[in-house]
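Down below is the structure, laid out as C-alpha cells.
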Amino acid sequence: MTGTGSARAPTRWPRRLVTLLAFAMPVIFILVPLAIFLGYSFFSVDHGEIDYTLTVANYVRFLSDPIFLPVFWNTCVLCLSVAIICVLLAYPAAYFLTTLKGRWRYMLLMLLMVPLLMSYVIKIYAIRSILGLNGFLNKALVSLGILQEPSSLFVFNMNAILLTLTLLLIPFAILPIFLTLERIPPILRQASDDLGASAAQTFMRVTLPLSLPGVASAASFVFVLAIGDFLTPQMVGGVSGFTFGRVLYSQFGTAYNWPFGAALSVALAAVVVTAILLGERFGRNRGASV
Amino acid sequence: MTARPSTIFLAAVTALVAVLLYSPLFVPIVSSFFTVAHGEVVWSSPTVAAYVSLAGNKEILTALRATLIVGACTVLLSVGGGTLLALYYHGRRSGRGALQFIIFLPFLMPPIISGLALLIFFREVGLERSLLTVVIGHTVFVLAIVYRTVLTRLQSLSRSLVEASYDLGATGWQTFWRVLMPNLSSAMAGGAILAFALSFDETMITILVTGTQSTLPVRLWAMMRLGFSPDINALVALILIFTVLLCVLAARVLIPKQVATAAH
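So the sequence lines, in the order shown, correspond to chains E and A. Just so you know, the first sequence maps onto residues 1 to 290 in the UniProt record's numbering. Just so you know, the second sequence maps onto residues 1 to 264 in the UniProt record's numbering.
Dropping the structure here:
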C-alpha cells in the first residue's frame, strides 16, 4: 500500500496541471465567449463605436419593430416545415432499412449517410443549379408535361430555402428514426402477430408508438440545424427569402450592429434550447428496452 | 413480414430519398468529366482537362493547404484536450455535469452563435483574426465529439484493469501509458478522424472567425457568387472520394467495438 502511495506522489504536480486545464479550457474558450456575447446584447452602438452602458433597448427593438418578429416567426414555421418533410421522407426509408437483413441494412444506411460528407457549400451550389430556371427540375417537369414552360418558382424565394434545407438535412432525420426502429424487440411484433393483429394494426399499435421518440429526436435535430443555417438562405433565398439567420448575420456585416445581433442571437438560442428540450423530453426511449 | 405492396412503397420512398440525396453530388462529378453547355451535358466528349487545370489553380491549392493545416492542428488539440477531459471527468462526481454541459454547448448551439461569440471574444482580448482563431473555433466545435468518443470507451473499460496495474507496482504514468492508452487508442483514432472530417467542411464558424487566409469551404463560398470553373468540380469529386475513404476507415476503427458492446 505504501508502495502505491509513493508511486503516485510524483504525479501530483501534473495532476494539478491537469485539473487546472480541465477546468480552464472549457471555461475560457466556451463559457467566457458566450458570457461576453450575452453581455453585448445589453450594449448599444453609437456612430460605429460600441457603447458599453447597459440597456435593454435591443430586446425592446426586437419585440416592437414590425420587421423582426414576423421574420422570426416565418423562419420558425419554415424550419418546422423542413423538419416535418424530412421526417415524412426519412421514416419510410428508415423503416425499409430495418426490413433488410445483416450486411445490406448497414450498407444502405451508409449509402444514405455518405452525402453528409460532401462539402456543404458545394451541395448548396449544386441544388441551386438543379432548382434554377435552366435546371434539371424544370427540364424534368416540362418534359413530363407538368409545366408548360420553365418556372422560376423554385429558386431565390422561400420555396427554394425549404427544398434546399430538406435535401441537405434528410440524413439527420434518417439516423435517429432508424436507431429507435432497430431497437424495438422483434418479439413485440411477433406477439402482436400471434394475437391476430394485421400488419397494419401491428404497425399502428406497436411499431409506430414505440418509434415516436426517434421521430421527436429527428425533428428536433433537423429543426435546430435548419434554423441556425444562414448560408443556405443567403445563397438560394434571393431577395424575398429573408430568414432570421440572414438578419442576424447581416448585423455583423452590412448593418454593423453587434449588440443588436447579440440580442437576436439570444432569441435564436431560446428557440433552439426549447427545440432541444422538447426533442429530449419526447425523444427518451420508454418501454422499448424490453 | 410485411405485405408486398407496403414493401414496394417503402422501397420506392427509399429510392426517392436516395435520388434526392445523391442528385447534388451527381452534378459536380458529372461536370468534372463532361462539358456542360446551356444546361445540357455533352456526353460525347469526356475529358480530364478539369483535373489538369486544378493542379495549376494556385488560389484553390493555397486554400486547401490552409484547410489541411487547420485540420491537423484541430485534430491535435481536440484529441489531446478531449482525452484529457475524458480522463479527468471520468470517475469524478462533483462538477462533472456542469463542465460536460459547457463542452457540449458549441456542438448543440447553432454554429452562428458559437462563431459570433468567439468573434467578439477574440476582439475583446485583442487576438487578430487568422488561421489560429479558426483552429480555436474548430477545436471548440469538435471537442465534444472526441470527448464523448473517448469517455464512452473509458466507461466500457473495467476498473480492475487500472487497479491490477497499481497492484503489480506500476506508477501512475506507467499505468496511463501501458494500460489506459492501448485501450483508448482506437477511440482516439476514431475521434481524430471525425474531428478532421468536421473541421475539413466547417463553414459557418470559419466564415465568422477567419482573417485574410481562408479555408477551402470559405474560399468556395466566396467563389460561388461568380459561379464555379470546371476545376472546382474536379476538386469536389476528389474530396468526395477522399472523405468516403476516410469514413470507411473511421467505421472500421469505431464500429467493431461498438457492435461488440451492444451485443452484451
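Yeah, the Cβ is synthetic: ideal placement off N, Cα and C, and Gly gets one too.
Item: Shortest alpha-carbon distance to Y59 of chain E belongs to which of E:A263, E:F68, E:L112?; Value: E:A263
Item: To the nearest angstrom, how far is it from the Cα of R159 of chain A to the Cα of V125 of chain A?; Value: 43 Å
Item: Going by DSSP, which residues form a beta bridge with T35 of chain A?; Value: A:V42
Item: Out of A:T206, A:L161, A:S44, A:G169, point me to the one whose CA is closest to L184 of chain A's CA.; Value: A:L161
Item: With 8 Å as the C-beta to C-beta threshold (strictly closer), list the residues of the stretch 19-36 of chain E near chain A in chain order.; Value: T19, L21, A22, F23, M25, P26, V27, F29, I30, L31, V32, P33, L34, I36
Item: What's the gap between the Cα of F29 of chain E and the Cα of S165 of chain A?; Value: 35 Å
Item: Rounded to a whole number of angstroms, what is the C-alpha to C-alpha distance between A24 of chain E and I205 of chain A?; Value: 22 Å
Item: Going by C-alpha to C-alpha distance, which of A:T7, A:A170, A:E59 sits closest to L100 of chain E?; Value: A:T7
Item: Which residues in chain E sit within 7 Å of residue 265 of chain A, going by Cβ to Cβ distance?; Value: With chain A running from 1 to 264 in the structure shown, residue 265 of chain A is simply not present.
Item: Could you tell me whether any Cβ in chain E is nearer than 8 Å to the Cβ of A18 of chain A?; Value: yes
Item: Where does D51 of chain E fall in DSSP's three states?; Value: strand
Item: So, is N134 of chain E buried or exposed, given that buried needs 16 or more other C-beta atoms within 10 angstroms?; Value: exposed
Item: T243 of chain E: which of E:F72, E:V236, E:T98 sits nearest, CA to CA?; Value: E:F72
Item: Say the cut is 7 Å; is the CB of G228 of chain E nearer than that to a heavy atom of the ligand HEM?; Value: Here there are no bound small molecules, and the ligand HEM is not part of this structure.
Item: Residue ranges of each alpha helix (DSSP H) run of no fewer than 4 residues wholly in the stretch 47-103 of chain E, ordered along the chain?; Value: 57-64, 68-99
Item: If S119 of chain E sits next to L246 of chain A, beta carbons under 8 Å apart, how far is it from one beta carbon to the other, in whole angstroms?; Value: At roughly 13 Å, the Cβ-Cβ gap does not stay under 8 Å, so S119 of chain E and L246 of chain A are not in contact.
Item: Compare the C-beta of I276 of chain E with all C-beta atoms of chain A and state if any pair is closer than 8 Å.; Value: yes
Item: Do you know how far the Cα of F121 of chain A is from the Cα of I36 of chain E?; Value: 7 Å
Item: When the Cα atoms are used, what is the spatial distance from L248 of chain E to M109 of chain A?; Value: 15 Å
Item: Going by the beta-carbon positions, is the gap between L282 of chain E and A226 of chain E smaller than 8 Å?; Value: Note on identity: in this sequence residue 282 of chain E is Phe, with Leu being the wrong assignment. Going by C-beta atoms, F282 of chain E is not nearer than 8 Å to A226 of chain E.
Item: Can you give me the Cβ contacts of G279 of chain E inside the same chain, cut-off strictly under 6 Å, excluding the 5 residues immediately before and after it?; Value: A216, S217, S220
Item: Confirm, please, whether the CB-CB distance from S94 of chain A to N233 of chain A is below 8 Å.; Value: no
Item: Under 8 Å between beta-carbons, which chain A residues line up against P171 of chain E? List them in chain order, please.; Value: L21
Item: Output, in chain order, the set of chain A residues within a Cβ distance shorter than 8 Å of S129 of chain E.; Value: V27
Item: Beta-carbon separation of F101 of chain A and F141 of chain A under 8 Å?; Value: no
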